[in-house]
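Heads up, the sequence shown is in my numbering, so the first residue is 378 and it goes up one at a time.
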Amino acid sequence: MIAFAKKYKSFKIVLLLVGTGALSAQAQDAVKFPLIPYPTQLVAGSGSFVITGKTSIVTAKEFTSEAAELNNLLLKALGKPLVVAKINKPHAINLVYDATITAPEAYKLNITAQQVTIAAKDPAGVFHAVETIRQLLPVSVERGVVNETLVLPAASIEDQPAYAWRGMHLDVSRHFFSIAYLKKFIDRMALYKMNKLHLHITDDQGWRIEIKKYPKLTEEGAWRTFNNQDSACMKRAKDNPDFVIDKEHIVQRNGKTMYGGFYTQQEMKGVVAYAAARHIDIIPEIDMPGHMMAAINSYPFLTCNGENSWGKLFTKPICPGLETTYEFAQNVYSEIMDIFPSKYIHIGGDEVDRTDWGKSDACKALMEREGIKDLPALQSYFINRMEKFFNSKGRKLIGWDEIIEGGISPTAIIMYWRAWVPDAPVKAVKNGNTVIMTPGEPLYFDNQPDQYSISKVYHFNPIPKVLNAEEAKSIIGAQANIWTEMIPSEKRADYMYMPRLTALAEMLWTTQQDKYDSYLKRLVQQYSRMDAMNINYRLPDLPGLLNNYVFIDEGKLSIDRPLPGLTIRYTTDGSLPGAKSPELPSPLSIKKAELVRVAAFTANGARGDVYNLNYTQQQMLGPVKVAPPKPGLACSYYKAFFKQIAPMKDAKVDSTFTTNTIAVPATVKAPSFGITYKGYIDVPADGIYNFYLTCDDGGVLQIGPGVTVDNDGNHSAQEKSGQVALKMGLHPFLLNFIEGGGGYTLKLQYSLNGSARQDIPAEWFKN
Ligand code: ACM
């Protein structure tokens, strides 16, 4: 044991040389073209093009609007606009119409020491080239710092997107966002070549757009007293100031404190024009027939029985049996279509509690008359009728994937979100529908980001595996959704989608998915641009941390900084690290069992995520002596639903098997089950072993007498990690895993004394 402790300590000393104060490998590697998304083709040239006040912009007549955008960008840095001309000039940025570049949104960008040429057929392509130039310019252009000259590195770029739909969604109902914030949001989307903004404008918690025919929608429906979501945010604000509700949306009305706001039609037309100049379509969603409480409060004739309340899960929907419902819906959408010129209009159609429809005489009569067989089909009748109305105005209808349940016309566009119904997009494609992928995992950006979320977004494949190449063409792209029940401020919104948006942008722009390491390096350089743009992005994770640590005589904690300029601070008294907490020394020595809480802080005091590191003192565990064991682990399979692993011990064993692999067995067919993996782990050397357990749903790993990793409960795939100090030889091994339905993920890896993590060799498992 003593010998081991020495070995371990000397190892840590080596580590310290790259420890606290050092930058992580990613943060050290500067990249010459830190572009996100990375272009389809980029060949670096030699030298650079220097933009000065004397440089001209020479534009084809088709691209005058994009030339103006380029000039606006350069104006911020140069302090004065460049001359825009129609004829050739020396030392110019040329915007050239090229009919041979036929792919939508495609462009070529050639930068030499003499001139810059952007060639495209599609104005959107020229705009994307301008954003490429923006990312190659110093970040000072974002601050509006006036420079004498701007330097662009020479390169030849050919570029076009992989997917036509590269979307972001924002819910402005649950919490409201100002016109100024919408413009910021659009500008950030444009920077990363996203092209669809889906605005979820109305919901139970607030109606956010002026409708002239129904003024009470905003006079009353845009305002509320604080609700339970506001209270939940206020609670979280005690630990995290990003949860403080933006004050500009809190008003005093008739002696009451109210939350809310809405966009006038005029204001929204301005946002639409701002987005259009950046080649972004805004797709409005007026969610119906469910999620309509804010409207029904003021116009109770919309429900079947005039009531307005919550059902078991959702609010009462508007009534498809009443002609007055269609009159209202069409009047509202007519005004919406006057504001939003988008080819696509989103009708929502999700989460409808249809119970009242079954009791309504009007619905029964309609079903009888039209031969509608059940309530899902009644919803389809409503959606199909609205689709005909949309089509009559030259628009296409989009709906959430529930709209296919009662049968749907193949011309509707399906937005897939229910990750637990994996065949929904496949069914829709086979029905002839066009599909946009927004599955909750990993594309709901209101889900708390963690150390894996960027990788999950980056590696998401919008095309379901079972589709053939022809069918795959029906998937036109993907989108991330931001539901704002728990996002009450611009700062919290920034944190939730930045930097995940950059991973989404690259995933949707390029089909080359082998650039992840390069993407991470480019992302490090993007952070300084985000700083200049005042984006409250989520700081990169502190690298290599575990949940549970053990030490023998002394633990030593060293953490590399993921970005320059960050300071890592800590506490050991259970309190949250703050800007005044001590800086993590190099290293922090740990001599008693304690909870160390660490977080990174930016120079202006913003805090990154807080990490809770549990330290326990442990003696090296000696191996057990047993009769020569057999290969593999002895497993028991329980065909039942478990919320936690504890009830497994009282459950009936359905079958048993032996395995030397920790993974969900391919033979398991039940949607919900539990598996116990029991036996020994035969470790080849003394050491402190790290174990990483990833599961969906829960799992608890015990090596020796105690719990090594606790990842219990029903949850999506997440990793938890822990340590145990083991002497060479056999140690009791017990892993309990539960699957609640959907997900089916189980993975266990290890590392020894800080080595790279790896799969556990099959021959280590015995029983
Ligand atoms: C949804 O998340 N209800 C579309």
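Glycine is no exception: its CB is placed at the ideal position from the N, C-alpha and C atoms.
When you compare each of the options to residue i by their alpha carbons, which one comes out closest?
i, options, result
"D950", "A614, K969, L940", "K969"
"F1050", "C1012, Y591, P841", "C1012"
"Y829", "I785, E745, P917, Q756", "P917"
"N925", "D751, R511, V1084, C696", "V1084"
"F767", "T815, A706, D475", "A706"
"I510", "L447, T477, H468, N572", "L447"
"P467", "I695, I1058, F426", "F426"
"A652", "F978, Y558, P1138, S963", "Y558"
"R551", "D1087, G1064, I864, G683", "I864"
"P411", "E443, A532, N1113", "A532"
"G999", "I1080, L1112, Q405, L1123", "I1080"
"I488", "Q642, A849, N471, A650", "N471"
"L1133", "L459, Y1069, W734, G1119", "Looking at the sequence provided, one finds Ala at residue 1133 rather than Leu. Taking only the C-alpha atoms, the option nearest A1133 is Y1069."
"T811", "T479, S608, D823, G854", "G854"
"I791", "G598, A880, P816", "P816"
"L513", "L574, W600, A421, K593", "A421"
"K1026", "D908, P1048, T1053", "T1053"
"Q606", "E597, D730, F620, A599", "F620"
"Y591", "G1119, R762, S675", "S675"
"F1018", "E1140, D1074, K1002", "D1074"
For residue i, write down the residues that DSSP places opposite it in a beta bridge.
i, result
"N708", "DSSP lists no partner for N708."
"M635", "V628"
"D1136", "Q1126"
"H723", "E662, I775"
"D536", "Y484"
"D548", "H577"
"A855", "R543, M814"
"N991", "N925, L972"
"P1109", "Y1057"
Taking the beta carbon of residue i as the centre, do at least 16 other beta carbons fall within 10 Å, making it buried, or is it exposed?
i, result
"P799", "exposed"
"Q1135", "exposed"
"K1007", "exposed"
"Q889", "exposed"
"A976", "buried"
"Q996", "exposed"
"I428", "buried"
"Q902", "buried"
"S1128", "buried"
"I659", "buried"
"K384", "Only weak support is given to the placement of K384: the predicted model assigns it a pLDDT of 31, under 50, and the question is left unresolved by the model."
"L953", "exposed"
"Y793", "buried"
"F678", "exposed"
"R746", "exposed"
"P1138", "exposed"
"Q629", "exposed"
"A1004", "exposed"
"Y1057", "buried"
"K1097", "buried"
"S737", "buried"
"I390", "At I390 the pLDDT is 29, less than 50, meaning the model places this residue with poor confidence and gives no usable figure here."
"T436", "buried"
"K720", "exposed"
"E662", "buried"
"D715", "exposed"
"V927", "buried"
"G1076", "buried"
"I379", "A caution first: I379 carries a pLDDT of 26, below 50, which makes its placement in the model unreliable, though a value can still be read off. Exposed."
"T634", "exposed"
"V395", "At V395 the pLDDT is 34, less than 50, meaning the model places this residue with poor confidence; the figure from the coordinates comes in the next sentence. Classification of V395: exposed, given that the 10 Å Cβ count is below 16."
Q) If you measure from each residue's Cβ to the nearest non-hydrogen atom of ligand 1, which ones come out under 6 Å, in chain order? A) Those residues placing their Cβ nearer than 6 Å to any heavy atom of ligand 1 are, following chain order, D727, E728, W777, W794.
Q. Pairing CB atoms from the segment 578-590 with CB atoms from the segment 516-534, are three or more of them under 8 Å?
A. Not touching, per the Cβ criterion.
Q) Do the segment 448-462 and the segment 475-489 meet, that is, are 3 or more Cβ pairs less than 8 Å apart? A) Here the segment 448-462 makes no contact with the segment 475-489; the two share fewer than three CB pairs at distances below 8 Å.
Q) Would the segment 530-545 and the segment 692-710 be scored as touching if the rule is three or more Cβ pairs under 8 Å? A) The segment 530-545, when compared against the segment 692-710, does not touch it at the 8 Å Cβ threshold.
Q. Counting Cβ pairs, one atom from each stretch, are 3 or more of them under 8 Å apart for the segment 1014-1031 and the segment 1060-1069?
A. Counting Cβ pairs under 8 Å, fewer than three are found: no touch.
Q. Do three or more CB pairs link the segment 843-862 to the segment 927-935 at distances below 8 Å?
A. No: fewer than three Cβ pairs fall under 8 Å.
Q. If we count Cβ pairs, one from each stretch, closer than 8 Å, do we get three or more for the segment 664-675 versus the segment 572-581?
A. With the cut-off at 8 Å, the segment 664-675 and the segment 572-581 touch.
Q: Evaluate contact between the segment 903-916 and the segment 1041-1048, counting only Cβ atoms and requiring at least three cross-stretch pairs below 8 Å.
A: Cβ pair count under 8 Å is below three, so no.
Q: Report yes or no: do the segment 1100-1117 and the segment 773-781 share at least 3 C-beta pairs separated by less than 8 Å?
A: The segment 1100-1117, when compared against the segment 773-781, does not touch it at the 8 Å Cβ threshold.
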